[in-house]
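Under this note's numbering, think of the first position of the sequence shown as 108, with each following residue one higher.
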Amino acid sequence: KPTKTTLTHFLEMVNVTTPLAIVGAALSRTGTMSTQLALERLGYKVWHGTYLITIPKYGVLWNDIARADLDGNKTAYSSALDALVEELSADEYTAIIDRPAANVYQELRKYYPKAKVLNTKRDAHKWAVSMAKMVNSLDILFQQPPLRNDKNIERRFKGISLLSYWMMKRQGISDSEIHPLGLSESSNPIERESTVSLATMEAVYHRYQADVKRSVPAKLLVEWSVKDGWGPLCHGLDVEDCPTKHHEPFPSINSASEGFVNDMHDFLHLKILMYKIHPMLSGDGISIFLFMMYKNMVFIVSALAVIGFMTHFCIRRSNTTTVKVKSL
């Protein structure tokens, strides 16, 4: 790690030409996708946690960070963070939000001490339920074949993926509070499909918010809710030409983000089902094809109905014409 004589010299040493102006401390399921759209409207280029899936190189970078941190290798951890920062700079991102970035917001602040820290807040219980249904439940699916045999996903704790386990540990969740196959004895059906109890998740939320408040200088911390709209966000980020002046509605795509996760659930369930029928049917190509068929079933049924009607109509018309010709 280079000696930080000055911030500029340090950023040059780690090859950073495009510093982040915003470091996101907001947890997942707090409206981060809507926040991404809002920030992009304000002129920022935003890195979002979904890029772990859509941009493979970032999956590799974050896995390196998680592995080094869990191993307690400070040198490797520091080098992995350097590599992430350099890649973000090379891709010219000016803001980073959602997890896993939120899990290392304090480390990122050391690279960007002048950056605003954006923290999107939500009701603690609603957040816990959303995390259980939309995020923690995915870890349970990854315990079942063929997903648990996927060589692309490194395992760390009782079958839970390296990144998921690391993010739980970063939030202060102990091994005893992690239930890889769900809380089977819980009377709450949501908890039976979640790796962490709702009570634990609520405690995580409150503890995390207190840590953010305590560790970030008030002049740099922007706390708000997507329900607040443009006003507080523009004020916190010192934006003069706020979209409220142009009567622009604030972007809200909560249903779209839930749809994304629901689609992932459906795809994984389908993959597991096809494996149970026959392992050869669980390949990605077949699973994706069947999933697209499933998602477009209404369209396909409607199209077949129209084709059937048109075919029936044409046959009847042809038969009618034939009868008329014979009568002549």
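Heads up, the beta-carbon is just placed ideally off N, CA and C, and yes, glycines get one too.
Note on geometry: alpha-carbon atoms of Ala-128 and Asn-295 lie some 42 angstroms from one another.
Distance from the CA of Trp-154 to the CA of Gln-143, rounded to the nearest whole angstrom, comes to 8 angstroms.
Contact between Ser-141 and Val-333 holds, since their C-beta atoms are separated by about 5 angstroms, short of 8 angstroms. Assigned with DSSP and collapsed to three states, Gly-279 falls in coil, not helix or strand. Distances from the CA of Asp-178 to each of Lys-276, Pro-386 and Ala-132 were compared; the closest alpha carbon is that of Lys-276.
About 25 angstroms separates the beta carbon of Val-319 from that of Asn-170, a gap too long to meet the 8 angstroms contact definition. Counting the other CB atoms within 10 Å of its CB gives Asp-246 a total of 16 or more, which places it among the buried residues.
Linking Ala-202 to Met-387 through their CA atoms gives a straight-line distance of about 42 angstroms.
Take Ala-235, set aside five residues on each side of it, and the residues of its chain with a beta-carbon closer than 6 angstroms to its own are Leu-305, Met-308 and Glu-309, in chain order. In the structure shown, the three-state DSSP call for Phe-264 is strand.
Using a 10 angstroms sphere on the CB of Val-167, the tally of other CB atoms stays under 16, which defines it as exposed. Glu-298 counts as buried, since no fewer than 16 other beta carbons sit within 10 angstroms of its beta carbon. Residue nearest to Lys-378 within the set Asn-210, Phe-249 and Ala-317 is Phe-249 (criterion: CA-CA distance). Only residues of its own chain outside the window of five on either side were considered, and among them Glu-309, Tyr-312 and His-313 have a CB closer than 7 angstroms to the CB of Ala-231, listed in chain order. When secondary structure is reduced to three states using DSSP, Lys-352 falls in the helix class. When rounded, the separation of the alpha-carbon atoms in Glu-330 and Ser-291 is 36 angstroms. Val-130 is positioned such that its CB atom lies closer than 9 angstroms to that of Tyr-219. Assignment of Gly-131 by DSSP, reduced to helix, strand and coil, places it in the strand class. When DSSP reads this structure, Thr-227 sits in a beta bridge with Trp-331.
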